[in-house]
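Notes for the one structure printed next.
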Amino acid sequence: MYEIPEAAHLTVPQASERKGVLCESCAACEGQRCLQCSTVCENCVDVCPNRANVAITMPDGSHQILHVDRMCNECGNCTAFCPYDSAPSRDKFTLFQTAEDMVDSQNAGVLFLDHDTVRVRTFGPPREYNISTRNNGLPTALDALILQIRDKYGYLYL
């Protein structure tokens, strides 16, 4: 059994700094490249050729992965590279472009109907919500994600 020193565990900022670091293949360098997927993964974001998986930065600095339905060609890269045995193109909260796209999918997700009205499917049939009001019936974390998409990532659905 191996003991892993406490210093070997990365914080989220430390892991994020290492994303995309390339170096010559050598044993001394490999440790510098490790992202510790249990800290920050986002493989599905990195491997998607169409950029259909987007890391949304939340107000608290954490990240949520959003799947953008209209950009996905269902190539399977996100599923093949997921260390958690997930299928991000089906499992991640999805942004839909049209009502027809939402009907054609089984994914949990959101469709922006206008600036303040969204159609959301979580567990069951889609429902409409007014996101300009508090206590609108959406779970707090989901409401925060949808507001962040609207306020900071509107280019994804316009």
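Mind the numbering: the sequence shown is residues 1 to 158 in our numbering, read in order.
Don't be surprised by glycine CBs; every beta carbon is placed ideally from N, CA and C.
Excluding the 5 residues preceding and the 5 following residue i in the sequence, name in chain order all residues of the same chain whose CB lies nearer than 6 angstroms to its CB.
| i | result |
| --- | --- |
| SER132 | ASP116 |
| LYS92 | ILE65 and HIS67 |
| PHE81 | ASN43 and VAL47 |
Which residue's Cα is closest to the Cα of residue i: the options?
| i | options | result |
| --- | --- | --- |
| THR57 | ASN130, PRO126, VAL12 and ASN107 | VAL12 |
| ALA108 | GLN97, PHE123 and VAL118 | PHE123 |
| GLN148 | CYS78, LEU66 and ARG51 | LEU66 |
| VAL47 | GLY76, VAL40 and ALA144 | GLY76 |
| ALA99 | VAL54, ASN50 and TYR157 | TYR157 |
| THR79 | VAL118, ASP114, LEU138 and GLU42 | GLU42 |
| CYS61 | VAL118, VAL40, PHE81 and CYS44 | Here residue 61 is Gly; the residue named in the question, Cys, does not match the sequence. The candidate whose alpha carbon is nearest that of GLY61 is VAL40. |
| ASP114 | VAL54, PRO59 and ILE146 | ILE146 |
With a threshold of 16 other CB atoms inside 10 Å of the CB of residue i, please say whether the residue is buried or exposed.
| i | result |
| --- | --- |
| LEU95 | buried |
| LEU111 | buried |
| ARG121 | buried |
| TYR155 | exposed |
| TYR84 | exposed |
| ASP69 | buried |
| LEU138 | buried |
Kindly identify the DSSP beta-bridge partner or partners of residue i.
| i | result |
| --- | --- |
| GLY109 | THR94 and ARG121 |
| LEU66 | VAL54 |
| TYR129 | VAL118 |
Going by beta carbon distance, what residues of the same chain come within less than 7 angstroms of residue i, once the five residues before and after it are set aside?
| i | result |
| --- | --- |
| ASN73 | ASN50 |
| MET71 | ASN50, ARG51 and ALA52 |
| GLN97 | ASP69, ARG70 and TYR157 |
Which same chain residues end up closer than 8 angstroms to residue i when comparing Cβ atoms and leaving out the 5 residues on each side of it in sequence?
| i | result |
| --- | --- |
| LEU142 | PHE93, VAL120 and THR122 |
Can you check whether the C-beta of residue i is within less than 9 angstroms of a C-beta belonging to chain B?
| i | result |
| --- | --- |
| GLY61 | The structure shown contains no chain B; it is built from a single protein chain. |
Handout entry: Sufficient close CB pairs (3 or more, under 8 angstroms) joining the region 100-119 to the region 80-88
Key = no
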